[in-house]
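Engineer:
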Amino acid sequence: DTVSTKGGIKVKSDDGSFVGEFGGRLMLDAAVFDNDTADNASGTEFRRLRLHSKGKIHGLGYKIEVDFADGDTVTKDAYLQMAVAGGKLTIGQFKQYFTMENLTSSRYTTFMERSYLTSFSPSYQVGVGYWGHYNALGFGISAFNAYQDEDADGGSGTTEGVGGSARVIFSPSLSEDVTLHVGGSALVTGGIEGRNRVRVRAAGHLSDASRPDIVNINTGERSESTIFALEFASIAGPLSVQAEYLGGTFETETVEQDVAAFYATTSYFLTGESRPFNAKTGKFGRVKPRKPHGAYEIAARYDYVENDSNDFEVESVTLGLNWYMNPQVRFMLNYIAADVAEGSDEPNAVTARMQFDF
Amino acid sequence: DTVSTKGGIKVKSDDGSFVGEFGGRLMLDAAVFDNDTADNASGTEFRRLRLHSKGKIHGLGYKIEVDFADGDTVTKDAYLQMAVAGGKLTIGQFKQYFTMENLTSSRYTTFMERSYLTSFSPSYQVGVGYWGHYNALGFGISAFNAYQDEDADGGSGTTEGVGGSARVIFSPSLSEDVTLHVGGSALVTGGIEGRNRVRVRAAGHLSDASRPDIVNINTGERSESTIFALEFASIAGPLSVQAEYLGGTFETETVEQDVAAFYATTSYFLTGESRPFNAKTGKFGRVKPRKPHGAYEIAARYDYVENDSNDFEVESVTLGLNWYMNPQVRFMLNYIAADVAEGSDEPNAVTARMQFDF
Amino acid sequence: DTVSTKGGIKVKSDDGSFVGEFGGRLMLDAAVFDNDTADNASGTEFRRLRLHSKGKIHGLGYKIEVDFADGDTVTKDAYLQMAVAGGKLTIGQFKQYFTMENLTSSRYTTFMERSYLTSFSPSYQVGVGYWGHYNALGFGISAFNAYQDEDADGGSGTTEGVGGSARVIFSPSLSEDVTLHVGGSALVTGGIEGRNRVRVRAAGHLSDASRPDIVNINTGERSESTIFALEFASIAGPLSVQAEYLGGTFETETVEQDVAAFYATTSYFLTGESRPFNAKTGKFGRVKPRKPHGAYEIAARYDYVENDSNDFEVESVTLGLNWYMNPQVRFMLNYIAADVAEGSDEPNAVTARMQFDF
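Residue numbers (the numbering used here), protein chains in the order written: chain A, 1 to 358; chain B, 359 to 716; chain C, 717 to 1074.
1. Check the Cβ-Cβ distances between A:K76 and every residue of chain C, and say whether any is below 7 Å.
2. Run through DSSP, which three-state label would C:M816 get?
3. Counting only beta-carbon atoms, is C:I757 nearer than 7 Å to chain B?
4. With distance defined between alpha-carbon atoms, name the residue in C:T825, C:Y984 and C:G759 nearest to C:V748.
5. For a contact defined as C-beta to C-beta under 9 Å, what are the partners of A:L26 on chain B?
6. Determine contact between the region 847–863 of chain C and the region 1057–1070 of chain C, defined as no fewer than three beta-carbon pairs at a distance below 8 Å.
7. Can you tell me whether DSSP reads C:G787 as helix, strand or coil?
8. Give a yes or no on whether the minimum CB-CB distance between B:T363 and chain C is below 7 Å.
9. Across which residues does DSSP place C:M798 in a beta bridge pair?
10. Return no unless some Cβ of chain C is closer than 7 Å to the Cβ of A:M363.
11. Please confirm whether C:T760 has its beta-carbon closer than 7 Å to some beta-carbon of chain B.
12. So for C:T1067, helix, strand or coil by DSSP?
13. Counting Cβ pairs, one atom from each stretch, are 3 or more of them under 8 Å apart for the region 281–295 of chain A and the region 253–267 of chain A?
14. Hey, B:G781 and B:Y693: beta-carbon distance below 7 Å or not?
15. When you compare each of A:Y304, A:S223 and A:G282 to A:A260 by their alpha carbons, which one comes out closest?
16. Would you mind giving the Cβ-Cβ distance between B:T462 and B:F642, rounded to the nearest angstrom? I have them listed as a contact below 8 Å.
17. Give me, in chain order, the residues of the same chain whose beta-carbon lies closer than 7 Å to that of A:A367; leave out the 5 immediate sequence neighbours on both sides.
18. I need the straight-line Cα distance from A:V317 to A:A337, nearest angstrom please.
19. Please list the terminal residues of the continuous beta strand (DSSP E) segment that includes A:Q125.
20. Run through chain C and tell me which residues come within less than 8 Å of A:T351, C-beta to C-beta.
21. Rounded to the nearest angstrom, how far is the Cβ of C:S956 from that of C:T982, given a contact under 8 Å?
22. Looking at the unbroken beta strand (DSSP E) that takes in A:S165, where does it start and where does it end?
23. Is the CB of B:M440 under 7 Å away from at least one CB in chain A?
24. In terms of alpha-carbon separation, which member of B:V377, B:F456, B:A657 and B:H491 lies closest to B:A622?
25. In the DSSP output, what is C:M828 paired with across the bridge?
26. Under the DSSP definition of a beta bridge, which residues are partnered with A:H52?
27. Beta-carbon within less than 6 Å of A:N216's beta-carbon, same chain only, minus the 5 sequence neighbours each way: which residues are those?
28. Mind reading off the beta-carbon distance from C:M816 to C:E947? Whole number of angstroms is fine, and I expect it under 8 Å.
29. Quick check: the Cα distance between B:A544 and A:V66, rounded to an integer number of angstroms?
30. Taking 7 Å as the threshold (C-beta atoms), are B:T363 and A:S13 in contact?
31. Does the count of Cβ pairs from the region 477–487 of chain B and the region 443–460 of chain B closer than 8 Å reach three?
32. Quick one: list the residues of chain A neighbouring B:T431, beta-carbon separation under 8 Å, in chain order.
33. Answer yes or no: do A:K88 and A:W131 have a C-beta to C-beta separation smaller than 7 Å?
34. Using alpha carbons as the reference points, say which of A:L80, A:G190 and A:V182 lies closest to A:S171.
35. According to DSSP, is C:T970 helix, strand or coil?
36. Comparing alpha-carbon positions, which option in B:Y660, B:A594, B:G701 and B:T639 lies nearest B:F456?
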């Protein structure tokens, strides 16, 4: 059996049917706020501190990943995976197939935080899913035990909520340098017990005081939701654009709330790199700097979410500068100007991140 | 130094006096209840999600294992082990020597949950123990700092309770295919502070609502207990039977409660495998399927516990079907029909598990 | 890439620019109290149960260490480290450069617990620091996001406190057998929100009931502190002495509290070993027994802390016996006679530890 390291540990059996891999990721953030009405505290936090074990057992893939940031223990991926009919069948806890930015690893997102739209994603849930692809076409479908708490770690065994998600993507390579990607997702949940709540941090993950509810159904009834989303990305050399739109409804027998969200991002590599995109899974990947001093990327995003039933909205503009010191180490600087409820709270923030994974 | 993998990572020094091993186990459960009077919630949970490090340091064995299921952090094994007089001296936190099913790894039990009887086991406690064996005879003795909370993680440093346990086994090999095993255990604890409580989940680990107390002494006095147990197992090719009986007393200066428990299990491998049994330690071991499509096992259990002083009892019948996909991956299906307090709550459950270890 | 083990796992790439290492440490304690007025409970606890991953990523050092003792999850080291101008620049969470015993690893301290003086150390904090050395001279400086809670795990992102620390050391080697070390540290914090509290466990870590406040400012104002410390150590063959003195002030706009602390330790190896000392970093290191049966060390400490403003003091005498079974396994026995507030609580304790690391 052979061993290798990129900072972690990887062992592979000679016939390839067993693999053992140990690794992790660290993201350490700092934020300074120019507050408006809400009193966000400047400071630092571990945004992610994860260790994982993954590999192969008798040819079956597995992964276990636990996040220890800020003194909590939160299970992320924890699944077994089998090759079935050219695709992958996954059983356990994993990110459900829904929207593009959600499925792109936090190690590879352009900004420190994902857009408001991703707050509607079920993220890690216990279920069964299948992802397949055929030429430029990819598709996934999953059924899961649905949790209603946006901070939940999954797997708590006390909910009878269920959900299903599906995603279809089309990612043709138009030329050697140009990639196009379009896709659509659907999410249905039902039987959700307790509070059904979706909220966003308006000005980065440390903006705990500027964290309004978009949806907050707490009538004691069981609730359900139906959400549709569209995604678009295009990469032409050092330039890329990505955008997603989402619309949906949360309801109980007595309440109905309609929501929508949208973001558009553009990014440009000053040092000439191109954002890698995996056409088979519809996710952005790891940037590899061309030069020893690393890669520099500038980016801008417009981010929007609304609850149409409440006439409530949050929007922001984010500017970003990323330095990819090497393929595994990245420093990020974000400026965020946010607007909660049309001027009732307008926090600005400068946030920074040190990130490495292995 | 050489490295190998079975999904985890193992490194061994050339002279064998150092070993470093990293691995884990995942058990993901689902349950659907047909409730009677108690309202058990159907759903899913990580039953176990453990990572461990073990090996040898200058020839001394060690193990550290932590369970992260459901957002908790619970230390399991955490000990140093030395070879003494042909046996093993263990210092640290480990499963005390008491009863057979308790000591058999959760990876190798026939049913998803151990029997009610095992709820009386001290399980992982901080102490010192010795296990030795001579031909078909094995014996263990241990002294420990005793905890009264059935959910405790051990090592919390706030109890002055103490305990001692002992186990003697006789496991002759009657022929190439036939193993017989008999044994007895004793457990004594004293000076237990706070509530002294033993409770069981009547219909599987997700049956939180059908979770009656068998013992619940909460008089403010210190309490003590004395428990004796007998164990029996026999394996004849694909067929095995296993049974244990336990009787004991919990008491304070003002209260006395007498308890008893019993279970009997039989299992049969449709695909011809035989349950491995380690005669030196008196524990069942890892099933290795003979065929590429895996091994299939069917099993049944009668399970009973009573508090004679309260005239309170819980009993259940469990039917099981196990598919050993390979030696490290197992899928389990259990049907449980339980009866709490002679008809006052009769929950039925269908439960399923996906399990792998590496 | 090559692999090795000392109980953990270490992989090194052929060019040395990548290293992946997995290891941990366990310290299991027991204490028996002869209580005076406070009611300390005798018992056991995991004092430290840590797993870590460290190594190199494209030539940059990193470390992630998490402590799981007693069911908590506490991040310790979590940083990225770069070689700059002959020294080391560290970004992330790490022990700030302040006093000698604080910076010496818990694996290498003479007694089970550090002295009262070390309670004033900021310990692990999120910040940026630089450590350099030139011949017998070493120096460090760091700036950090300061936490006020003595039990905090750092990185919680909710404080706006800031701090700076600096340390200068001079550690000439006087002869082959004789090392001298002197040094000084300074610590300044400001903008500390909430309670600013420093307390000590008078008679070891299990003496939860004999745990008086030295400083406890809780006026609702922001507080600040300024502390200076001096350190001294000398090693002459099997004999070593080490001592530190500290004095400082905690204040808000309305309150001022002056504190001081001092300890002196002497240790002698009955088996002739000498305590290793790293002159470049000013820390004690790993003892390596000369003989197969291990090394034996006896030690004594006088320990003192006072709040001059309150006229409150805690002092103790500790006697210690250490058996280094091998370089990675150590057993410790400490006798502590403590005096809180001049006779108002005089607990005595016998404490023991089993320790190993890999």
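Don't be surprised by glycine CBs; every beta carbon is placed ideally from N, CA and C.
Structural biologist: Looking at the atomic coordinates:
1. False, the Cβ-Cβ gap to chain C never drops below 7 Å.
2. It is helical.
3. Ile is not the amino acid found at residue 757 of chain C; the sequence shown has Ala there. Yes, contact with chain B.
4. Among C:T825, C:Y984 and C:G759, the Cα nearest to that of C:V748 belongs to C:G759.
5. Ordered by position in chain B, no residue passes the 9 Å Cβ test against A:L26, which lies about 18 Å from the chain.
6. Taking one beta carbon from each stretch, the region 847–863 of chain C and the region 1057–1070 of chain C have fewer than 3 pairs nearer than 8 Å; the two do not touch.
7. Helix, per DSSP.
8. Chain C, which has no Cβ nearer than 7 Å to the Cβ of B:T363, makes this no.
9. C:M798 is bridged by DSSP to C:L805.
10. Residue coverage of chain A in this structure runs from 1 to 358, which leaves residue 363 of chain A outside it and unanswerable.
11. Interface flag for C:T760 against chain B is set, since a Cβ pair is found closer than 7 Å.
12. Note: C:T1067 maps to strand in three-state DSSP.
13. The way I'd put it, the region 281–295 of chain A doesn't touch the region 253–267 of chain A; fewer than three beta-carbon pairs between them come closer than 8 Å.
14. Missing from the structure shown is residue 781 of chain B; chain B here goes from 359 to 716 and no further.
15. Checking every option, the nearest Cα to that of A:A260 belongs to A:Y304.
16. For a cut-off of 8 Å, the C-beta gap from B:T462 to B:F642 is around 5 Å, short enough to register as a contact.
17. A query on residue 367 of chain A cannot be resolved here, the shown segment of chain A reaching from 1 to 358 and no further.
18. When the Cα atoms are used, A:V317 and A:A337 turn out to be separated by approximately 5 Å.
19. Y124 to Y134 is the span of the beta strand (DSSP E), which, as asked, contains A:Q125.
20. By Cβ distance, chain C contributes nothing, its closest Cβ being about 11 Å from A:T351, past 8 Å.
21. Contact holds; Cβ gap of about 7 Å.
22. Start and end: V162 to F170.
23. Answer no: the Cβ-Cβ gap between B:M440 and chain A never drops below 7 Å.
24. Looking at B:V377, B:F456, B:A657 and B:H491, the one whose alpha-carbon comes closest to that of B:A622 is B:A657.
25. DSSP lists no partner for C:M828.
26. DSSP, once it has assigned bridges, lists A:G23 and A:E65 as partnering A:H52.
27. The residues are R197.
28. Their Cβ separation, rounded to whole angstroms, is 4 Å, which keeps C:M816 and C:E947 in contact under 8 Å.
29. If you take the alpha carbons of B:A544 and A:V66, they lie about 39 Å apart.
30. Yes; because the gap between Cβ atoms is below 7 Å, this pair is in contact.
31. In short, these stretches touch, since the Cβ pair count reaches three.
32. The answer, in chain order, is T73.
33. Going by C-beta atoms, A:K88 is nearer than 7 Å to A:W131.
34. Shortest Cα-Cα distance from A:S171 to any of A:L80, A:G190 and A:V182 involves A:V182.
35. Three-state DSSP puts C:T970 in coil, outside helix and strand.
36. With distances taken between Cα atoms, B:F456 lies closest to B:T639.
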